[in-house]
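Asker: Residue numbers (this note's numbering): 1 to 399. A virtual CB, placed ideally from N, CA and C, is assigned to each residue, including glycine. This structure is a prediction, so every number in the text was calculated from the model and none was measured.
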Amino acid sequence: MKQVSQTLVSGASAVPVSADEGGLSLYSDQVRSWRENGFAFVDGLFPTDLIERARAECMPLFPSPGSPESEAVTDYGSMGVMEFPSPSDAINEITLHPRLLMAISQLLGLRIRDLRLTQSEAWPKYGHTREAESPLDNQDQRMHVDYPNHTLTHPADWDQPEAVSILIYFDSVEECGGATEFVPRSGADDPAYQGPLVRTPGMSGLKFLNDRDAAEAYLREVAPEIARWREESLYSKARSVRYQPGSVLFYRQDLWHRGTPMRAGAVRLLHNITYRRADCEWISTVHQGWAWAMYRASKVMVRRLAESSVDQRCVLGFPAPGHAYWTRGTLDAVRARFESWGMEMAPYEAAWLDGVDEESDVKRDAIAVNGAVSRDDLLRENASLREELNSLRRDLDRD
Ligand SMILES: O=C(O)CCC(=O)C(=O)O
Ligand SMILES: [Fe+2]
């Protein structure tokens with residue numbers, strides 16, 4: 001069978017910072033590719049030195065490739081070390097980078113302040129010299145979708161995307177191997193994407209297995225139809241990313257994809273990020289929650305929050321200027337908490353003053369209540385008109 005999976009997709013350049021594109025990050029064909037085919041693979045979104053800095057800050061905190069400690073790493077993740085807010089300033093900067101936020105805002109068609117961060121973790125994947133010993137090994141992943149451990153529900157209809165999943169690479173595929181594979185959605189009739197997306201290990205009564213060979217052998221035994229469909233509609237349609245330092249794969253929680261084996265002795269740093277729509281509360285925050293880090297001696301979270309822009313704070317759940325949370329009391333209290341860290345309260349003050357000048361909340365409430373009263377009146381009037389009509393009909397019948 002022809003393995004289309006060998007097709008490497010190269011990154012298409014993001015909108016350069018200097019270009020006069022109204023501050024956008026992605027071109028419209030990249031947005032269209034994400035919305036229709038489920039992915040956009042982009043280079044040049046971040047400054048090169050930021051990517052280099054992130055790698056340099058992260059790698060000393062992880063086992064070196066080839067070491068016995070690295071051989072023992074067989075699963076996803078950084079064991080909490082590089083979750084947001086992480087000890088790497090560059091990783092935190094990438095997580096909240098204005099160019100990234102703009103790209104996500106374009107993909108979801110929402111204002112940046114209507115996005116929420118739910119995941120940010122950088123982690124190393126090591127190429128091992130030995131074969132996978134466990135069916136849970138992460139080296140050669142089974143084809144999967146990410147939603148089952150991100151949302152309490154199932155992704156909404158394809159045209160109503162709720163979240164953007166992101167992989168950022170810091171190395172090159174030539175050096176490391178381990179190109180992520182994904183299955184582009186070819187249209188509304190693509191057999192790979194006829195929902196519900198439950199024909200995968202860990203779902204609908206199937207055992208959870210991570211390793212591709214183990215997972216597919218198990219499916220061939222207990223659910224041969226599913227195994228056949230996965231072979232024909234997923235694996236044989238997969239494409240791989242020709243990643244370079246700074247490449248970004250924008251995908252979705254309902255896009256089929258998988259990690260593939262690394263070159264023995266190599267290490268690849270990957271940064272997973274997820275943003276959701278603010279109103280999709282069923283998509284959980286994967287980590288501890290941002291406030292939990294406030295007590296760390298490094299003050300990494302306090303500093304990050306104080307120095308962030310209004311939009312960056314919003315994506316962490318901090319109330320936007322004009323939000324009902326802000327009162328004279330909360331403005332003063334939040335200022336007292338963060339003033340020595342340099343938090344700029346002017347935008348919140350200004351919006352609050354504007355709100356006080358315009359119609360007050362009390363007045364707005366009164367209008368809403370009056371609206372409801374007149375709706376009731378209309379219903380009553382309708383009922384009495386109906387009654388009148390019926391009585392006229394009765395009179396006519398009698399005549
Ligand atoms: O390792 C990879 O290339 C893909 C990782 C992945 O699928 C995931 O983190 O959900
Ligand atoms: Fe995944």
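Starting from residue 169 and walking both ways along the beta strand (DSSP E), at which residues does that stretch end?
Answerer: It spans 163 to 169 - the beta strand (DSSP E) in which residue 169 sits, taken as one unbroken run.
Asker: Distance, Cα to Cα, residue 319 vs residue 346?
Answerer: Cα to Cα, residue 319 sits roughly 14 Å from residue 346.
Asker: Within 8 Å, do at least three Cβ pairs link the region 40 to 50 to the region 66 to 84?
Answerer: They do not touch, by the three-pair rule.
Asker: May I have the straight-line CA-CA distance separating residue 94 from residue 243, to the nearest angstrom?
Answerer: If you take the alpha carbons of residue 94 and residue 243, they lie about 17 Å apart.
Asker: Specify, as a first and last residue, the run of the beta strand (DSSP E) that residue 114 falls within.
Answerer: Element bounds for residue 114: n/a, residue is neither H nor E.
Asker: Have a look at the DSSP bridge pairing and note the partners of residue 272.
Answerer: 121 and 167.
Asker: Under 7 Å Cβ to Cβ from residue 111, same chain only, skipping five residues before and after it: list those, please.
Answerer: Answer for residue 111: 105, listed in chain order.
Asker: From the DSSP output, read off the bridge partner residues of residue 177.
Answerer: 262, per the DSSP bridge assignment.
Asker: At which residues does the beta strand (DSSP E) containing residue 241 begin and terminate?
Answerer: Note, residue 241: beta strand (DSSP E), 239 to 242.
Asker: Could you tell me the alpha carbon to alpha carbon distance between residue 134 and residue 211, rounded to whole angstroms?
Answerer: Roughly 8 Å separates the two Cα atoms.
Asker: Rounded to whole angstroms, what's the CA-CA distance from residue 286 to residue 313? Just pull it up for me.
Answerer: Each residue's alpha carbon lies about 18 Å from the other.
Asker: Just how far apart, CA to CA, sit residue 299 and residue 85?
Answerer: Distance between the alpha carbons of residue 299 and residue 85: 10 Å.
Asker: Report the residue from 305, 219 and 141 whose alpha carbon sits nearest the alpha carbon of residue 338.
Answerer: That would be 305, whose Cα lies nearest to the Cα of residue 338.
Asker: For residue 240, count neighbouring C-beta atoms within 10 Å of its own C-beta (all shown protein chains included) and say buried if the count is 16 or more, exposed if not.
Answerer: By the 10 Å Cβ count, residue 240 comes out buried.
Asker: How would the residue list near ligand 2 read, in chain order, if you kept each one whose beta-carbon is closer than 6 Å to any heavy atom?
Answerer: Cβ atoms closer than 6 Å to ligand 2 belong to 144, 146 and 257.
Asker: For residue 234, collect the residues of the same chain with a Cβ closer than 7 Å to its Cβ; drop the 5 residues on either side in sequence, then sort them by chain order.
Answerer: Excluding residues within five positions, the ones whose Cβ falls inside 7 Å are 143, 183, 192 and 256.
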